[in-house]
């Protein structure tokens with residue numbers, strides 16, 4: 017027996033929000049792992065190079081980079097001030 021149902025825009029938005037809420041901890045952890053890896057491998061290197069590597073790895077993981085945040089992180093890696 018097939019279940020047929022329709023979702024309106026509000027129903028779809030609710031489903032999307034719930035999925036995002038459930039996936040956020042996983043995506044946050046993945047981004048943190050990427051940042052740690054770049055920090056450990058590129059500490060004190062020029063922020064432009066660090067930024068390019070962060071963007072590359074974030075995209076490779078399937079995420080859309082938040083450029084403003086990654087620029088801040090890159091500067092902190094360059095200065096050696098980024099902590100866990």
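Numbering (my numbering), first residue to last: 17 to 100.
We put the CB at the ideal spot given by N, CA and C, even for glycine.
Out of curiosity, what's the CA-to-CA distance linking residue i and residue j?
| i | j | result |
| --- | --- | --- |
| residue 56 | residue 97 | 12 Å |
| residue 24 | residue 33 | 14 Å |
| residue 48 | residue 89 | 11 Å |
| residue 29 | residue 78 | 22 Å |
| residue 38 | residue 31 | 11 Å |
| residue 74 | residue 81 | 6 Å |
| residue 26 | residue 70 | 35 Å |
| residue 76 | residue 99 | 23 Å |
| residue 85 | residue 35 | 23 Å |
| residue 53 | residue 83 | 18 Å |
Candidates the options: which alpha carbon is nearest residue i's?
| i | options | result |
| --- | --- | --- |
| residue 92 | 65, 27 and 44 | 65 |
| residue 72 | 51, 35 and 27 | 51 |
For the alpha helix (DSSP H) containing residue i, name the first residue and the last one.
| i | result |
| --- | --- |
| residue 84 | 83-95 |
| residue 99 | No alpha helix (DSSP H) contains residue 99, which DSSP labels as neither H nor E. |
| residue 69 | 63-76 |
Considering only their Cβ atoms, is the gap separating residue j from residue i smaller than 9 Å?
| i | j | result |
| --- | --- | --- |
| residue 87 | residue 67 | yes |
| residue 43 | residue 94 | no |
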